[in-house]
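The next block holds one structure in the form of structure tokens; read it before the comments.
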């Protein structure tokens, strides 16, 4: 029998670097991060941010811009229209709000 201690189920604890441990390490910061432009601040503690994604058309190989309007939580109401902000994915905060403002990268001029 080996010298390592066993748990109540009779199995040995996971060693460092095992797939179970690396899976939890990979999930530490698995939330998506996006950058976009604030287009509306008419709601309280909410900013609407336009995120532009450039994708290549599968058939014609032309670069196409796709814009998504994301609703982001802005606790301090400190964003203004035209600000460039960084968003992080979060738990659902309301019917449409799934993002939060992490930082203001550039203020509107």
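In our numbering, the protein residues as written are -3 to 105.
Even glycine gets a Cβ: it sits at the ideal position worked out from N, Cα and C.
Nothing here was measured: the structure is a model prediction, and the numbers come from that model.
Within 10 angstroms of the beta-carbon of residue 63 lie fewer than 16 other beta-carbons, which makes it exposed. Inclusion of residue 37 and residue 46 in the CB contact set at 7 Å is not warranted, their separation being larger than that value. At least 7 Å separates the beta-carbon of residue 99 from that of residue 80.
The criterion of a C-beta distance shorter than 7 Å is not satisfied by residue 65 and residue 59. Here residue 32 has 45, 46 and 47 as same chain residues with Cβ atoms under 6 Å from its own Cβ, once five neighbours each way along the sequence are excluded. Here residue 85 really is in contact with residue 27; their C-beta atoms are around 4 Å apart, less than 8 Å. Our two residues, residue 50 and residue 57, have alpha carbons roughly 12 Å apart in a direct line. Residue 32 carries a strand assignment under DSSP once its states are collapsed to helix, strand and coil.
Restricted to the stretch 57 to 102, the beta strand (DSSP E) segments that are unbroken, complete and at least 3 residues in length are 59 to 69, 80 to 85 and 95 to 102, listed in chain order.
For residue 52, the beta-bridge partners assigned by DSSP are 59.
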